[in-house]
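Under the numbering used here, the first residue of the sequence shown carries the number 5, and numbering increases by one thereafter. Glycine residues also receive a C-beta, built at the ideal position from the N, C-alpha and C atoms. Source: prediction; values computed, not measured. Structure record follows, encoded as C-alpha cells.
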Amino acid sequence: MSVRATARIVATRTGLPVLTGEGPLAPRRTRATGPGSRVTVVGAMTAPLGGDRLAVEAEVREGATLTVDAAAATVALPSRVPEPAHYDVRLTVGENAELRWLPEQLISAYGSELRMRTQVELAPTARLVLREEQILGRHGEAPGTLFSRLTVRRAGRPLLDQELACGPGAPAGWDGPAVLAGHRAVGQLLVVVPEFEEKPVAPLLLGDTAVRTPLAGPGALVTAVAPDALLLRRVLDEALAGLLDGLSGPPPTGPPEGPPQDTGLAYR
Numbered sequence: 005m006s007v008r009a010t011a012r013i014v015a016t017r018t019g020l021p022v023l024t025g026e027g028p029l030a031p032r033r034t035r036a037t038g039p040g041s042r043v044t045v046v047g048a049m050t051a052p053l054g055g056d057r058l059a060v061e062a063e064v065r066e067g068a069t070l071t072v073d074a075a076a077a078t079v080a081l082p083s084r085v086p087e088p089a090h091y092d093v094r095l096t097v098g099e100n101a102e103l104r105w106l107p108e109q110l111i112s113a114y115g116s117e118l119r120m121r122t123q124v125e126l127a128p129t130a131r132l133v134l135r136e137e138q139i140l141g142r143h144g145e146a147p148g149t150l151f152s153r154l155t156v157r158r159a160g161r162p163l164l165d166q167e168l169a170c171g172p173g174a175p176a177g178w179d180g181p182a183v184l185a186g187h188r189a190v191g192q193l194l195v196v197v198p199e200f201e202e203k204p205v206a207p208l209l210l211g212d213t214a215v216r217t218p219l220a221g222p223g224a225l226v227t228a229v230a231p232d233a234l235l236l237r238r239v240l241d242e243a244l245a246g247l248l249d250g251l252s253g254p255p256p257t258g259p260p261e262g263p264p265q266d267t268g269l270a271y272r
C-alpha cells in the first residue's frame, strides 16, 4: 500500500510554532550548535517505496534562522507497486532570514524509481545553504532510476533550474564521460547570500571532478561527482568552508519578535 505523508516546519525568531509530520516523516526539534532553531528529520518507517508520495515543507519567516538535517540517509527502495515514488521539498525563506538545508544522502537502491523535486523561494535578503547528495546504488549493487530537479527563485525571479536523471530509466549518456563518467556519488551545494551581489564568486575547479560556478545573482553552485559518499561529502564540506570564509551576517532590521538572535552565517 502506497503512503502519502507531509512534514511541515515553520521557524520564527522565537522558535518553531509549527513542527508536524506524518507516516515516515518525523521532524524533531534538536539542540542547535549555532544561532536559531534546528530540526532533525527522523525516518519513522521504510520509505520512499514505489507509489509513495512524500513532501517536506519548511518556511523560515522574517529574521529567523533554521537548520534542517537528518538522522540518517534516505533510501529509495523497490516495491510491488509499478509506479515511481515521489519526494517533494518546498522551501520558503523570508526577508533577513536564513536556512541551512543539510539532509543526509539519498540512496537510489537497485530496482527503485524515484522522482524528487526541490523548490525554493527566497526573499531578496534571504540567506541559503543547500546541500544535495545522491548515491547511485548501495555498496556493490547497480543503481535504481532517479530523476531529480532543483529550482530556486529569488525575489520572484529564477536563480537556478537544474535537473539530473540517472539509472536504467534515464536517457542514454547519463553515465558517459560528459556526465557521471562511472562515478556513483553526485552532489551539489548552493550558497545564496546578499554579499555575493557586490562581490560575485569566481569560477573555480575543485580538483578533477568538482567545480564552483557563480550564478546570475548573489549565489554560487558547487557541483561534484565522486567514487563514494565519503569523498563527496569531503569535497562539499571544503567547498562550503571556502565560500563562507570571511562572510559576516547582515545587521538586524526591525524590532525582534522575542530575544534577539544573530541571524548571520556563523560557520567560522
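Given a cut-off of 7 Å, decide if residue j and residue i are closer than it, judged by their beta-carbon atoms.
{"i": "Glu102", "j": "Arg142", "result": "no"}
{"i": "Thr213", "j": "Val229", "result": "yes"}
{"i": "Leu3", "j": "Ser112", "result": "Outside the modelled stretch of the chain, which goes from 5 to 272, sits residue 3, for which no answer is possible."}
{"i": "Glu136", "j": "Gly191", "result": "yes"}
{"i": "Ala189", "j": "Leu236", "result": "yes"}
{"i": "Pro107", "j": "Ala59", "result": "no"}
{"i": "Gly144", "j": "Gly171", "result": "no"}
{"i": "Ala159", "j": "Pro128", "result": "yes"}
{"i": "Glu125", "j": "Arg157", "result": "yes"}
On the DSSP bridge list, what partners appear for residue i?
{"i": "Asp165", "result": "Thr155"}
{"i": "Val45", "result": "Pro31 and Ala74"}
{"i": "Asp212", "result": "Answer is none; Asp212 lacks a bridge partner."}
{"i": "Pro218", "result": "Ala224"}
{"i": "Leu150", "result": "Leu118 and Cys170"}
{"i": "Thr10", "result": "Ala59"}
{"i": "Glu4", "result": "What is shown of the chain runs 5 to 272, which leaves residue 4 out entirely."}
{"i": "Glu136", "result": "Gln192"}
{"i": "Ala68", "result": "Note: Ala68 sits in no beta bridge, so no partner."}
{"i": "Leu106", "result": "Asp73"}
{"i": "Thr24", "result": "Arg12"}
{"i": "Ala230", "result": "Ala189"}
Might you give, ordered along the chain, the residues of its own chain that have their beta carbon closer than 6 Å to the beta carbon of residue i, omitting 5 neighbours on each side?
{"i": "Pro264", "result": "In this predicted model, Pro264 has a pLDDT of only 34, less than 50, meaning its place in the structure is not dependable enough to derive any value."}
{"i": "Thr71", "result": "Arg42 and Arg104"}
{"i": "Thr122", "result": "Val93 and Leu154"}
{"i": "Leu110", "result": "Thr78 and Gln138"}
{"i": "Arg8", "result": "Arg57"}
{"i": "Glu87", "result": "Gly54 and Gly55"}
{"i": "Glu63", "result": "Val14 and Thr96"}
{"i": "Arg119", "result": "Pro88, His90 and Phe151"}
{"i": "Leu194", "result": "Leu134 and Leu225"}
{"i": "Thr34", "result": "Arg42 and Thr44"}
{"i": "Val239", "result": "Ala214 and Ala228"}
{"i": "Gly180", "result": "none"}
{"i": "Glu61", "result": "Arg12 and Arg94"}
{"i": "Ala233", "result": "Gln109, Ile139 and Ala189"}
Grab me the residues of residue i's own chain with a C-beta within less than 7 Å of its C-beta, minus the 5 sequence neighbours each way, in chain order.
{"i": "Val183", "result": "Gly177"}
{"i": "Pro31", "result": "Ala11, Ile13, Leu23, Gly25, Val43 and Val45"}
{"i": "Phe200", "result": "Pro222, Gly223 and Ala224"}
{"i": "Leu219", "result": "Leu163, Leu164 and Leu225"}
{"i": "Pro21", "result": "Val14"}
{"i": "Gly98", "result": "Val64, Arg65, Glu66, Ala127 and Ala130"}
Over the uninterrupted alpha helix (DSSP H) stretch that includes residue i, give me the two end residues.
{"i": "Val85", "result": "Where Val85 is concerned, there is no enclosing alpha helix (DSSP H), given that its DSSP letter is neither H nor E."}
{"i": "Arg347", "result": "Because residue 347 is not part of the residues shown, which for the chain are 5 to 272, the question remains open."}
{"i": "Val239", "result": "Ala233 to Leu248"}
Which first and last residues belong to the beta strand (DSSP E) in which residue i is found?
{"i": "Glu145", "result": "From DSSP, Glu145 is part of no beta strand (DSSP E); its letter is neither H nor E."}
{"i": "Gln123", "result": "Glu117 to Leu126"}
{"i": "Arg17", "result": "Taken as a continuous stretch (DSSP letters only), Arg17 belongs to no beta strand (DSSP E), as it is neither H nor E."}
{"i": "Leu110", "result": "Leu110 to Ser112"}
Kindly list the residues whose CB is nearer than 8 Å to the CB of residue i, restricted to its own chain and excluding five residues on each side of it in sequence; keep chain order.
{"i": "Ala36", "result": "Arg42 and Thr71"}
{"i": "Val85", "result": "Ser6, Leu53, Gly54 and Gly55"}
Does the ligand SAM have a heavy atom nearer than 6 Å to the CB of residue i?
{"i": "Val46", "result": "Among the components modelled here there is no ligand, and therefore nothing to report on the ligand SAM."}
In chain order, each alpha helix (DSSP H) run of at least 4 residues that lies wholly inside the stretch 171-207 | As far as the stretch 171-207 is concerned, its whole alpha helix (DSSP H) runs of at least 4 residues are 199-202.
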